[in-house]
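All the letters of the sequence shown, read from the start, carry residue numbers 456 to 666 under my numbering.
Where a beta carbon is used, it is the ideal one built from N, C-alpha and C, also for glycine.
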Amino acid sequence: MELSDRQKKIVEIVKENGPITGENIADFLNLTRATLRPDLAILTMAGYLEARPRVGYFYTGKTGTELLTEKIKKIMVHEYVSIPIVVNESVSVYDAITTMFLEDVGTLFVVDDKGFLTGVLSRKDLLRASIGQQKLSAIPVHIIMTRMPNIAVCRKEDPLFQVAKLLIDRQIDGVPVVRDKASGLEVIGRITKTTITKAFVELVTDSDQHL
């Protein structure tokens with residue numbers, strides 16, 4: 456979040472004179488308290504200042520980078536989870552390719568007859584299977600999929616930035632969001648690189664709207 460010149464002055468005033476009331480800040484700037492109210496609200500919501508009733512405003516001592524880092528760490532998977540695209544482990548590679556094309560996704564999650572996660576199919580998996588003389592309609596996806604326990608997963612309560620790091624470290628396009636069950640992992644959603652991009656765009660857009 457980039458502060459306006461007046462907001463920067465307010466931060467400096469509070470930093471040097473805090474705790475200080477809104478009325479006193481207004482006096483420093485020769486402005487009315489009503490004029491400053493939006494700026495004080497923005498600075499407080501953004502975390503630059505802390506307001507205490509009947510005491511005044513305090514400077515938190517945090518830089519813009521630190522505040523942005525805090526916001527990023529507070530974004531959780533459940534805020535951005537999307538509907539998973541799953542296929543049964545018995546379907547053919549041909550059907551999986553068709554599903555991936557029709558759903559416009561880069562990763563399919565493979566489940567057993569009970570709906571529990573058993574594998575993951577990426578574009579690379581399907582491309583490798585397509586090379587050669589195999590009859591794709593005769594090859595079940597469980598032959599070519601990446602199997603448990605070599606599958607990266609996440610849960611709804613995980614921080615989104617940790618999933619972003621997982622995608623980078625494992626060089627994958629997406630991970631299933633799972634719920635732990637006694638008999639296995641139930642697929643309840645997905646997080647992809649597109650999800651991560653959307654989250655950061657919304658974070659920046661939200662900050663701009665508060666300027």
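The Cβ atoms of V632 and V565 lie no closer than 8 Å to each other. DSSP places P631 inside the beta strand (DSSP E), whose first and last residues are G629 to K636. Counting only residues of its own chain and dropping the five nearest sequence neighbours on each side, D613 has a CB closer than 6 Å to the CB of V532.
In this structure, V542 sits away from T524, with a CB-CB distance that is not shorter than 8 Å. Assignment of beta strand (DSSP E) within the stretch 482-507, counting only whole runs of 3 or more residues, yields 504-507 in chain order. Under the criterion of beta carbons closer than 8 Å, R488 and G502 do not qualify as touching, at roughly 22 Å. Pairing I651 with K464, the inter-Cα distance amounts to about 34 Å. Across the set G516, D635, M600 and F556, the C-alpha of D635 shows the shortest separation from the C-alpha of K611. G639 sits away from P539, with the two beta carbons spaced by 8 Å or more.
Counting the other Cβ atoms within 10 Å of the Cβ of L576 gives 16 or more, which makes it buried. If you look at I465, you'll find it in the alpha helix (DSSP H) that goes D460 to N472.
For the pair L658 and I527, the CB atoms are nearer than the 8 Å cut-off.
D559 sits exposed, since fewer than 16 C-beta atoms from the chains shown fall within 10 Å of its C-beta. Residue I475 holds the alpha-carbon nearest to the alpha-carbon of R509 among D494, I475, L498 and A496. Taking all protein chains shown into account, D568 has fewer than 16 neighbouring C-beta atoms within 10 Å of its C-beta and is therefore exposed. Counting the other Cβ atoms within 10 Å of the Cβ of A584 gives 16 or more, which makes it buried.
For E641, DSSP records a beta bridge to F571 and R634. The C-alpha of C609 is placed about 26 Å away from the C-alpha of L582. The C-beta distance from Y535 to I646 rounds to 7 Å, short enough to meet the 8 Å contact threshold. A buried status is given to Q462, since no fewer than 16 other beta-carbon atoms sit within 10 Å of its beta-carbon. Put simply, the backbone Cα of D494 is about 23 Å away from that of V656.
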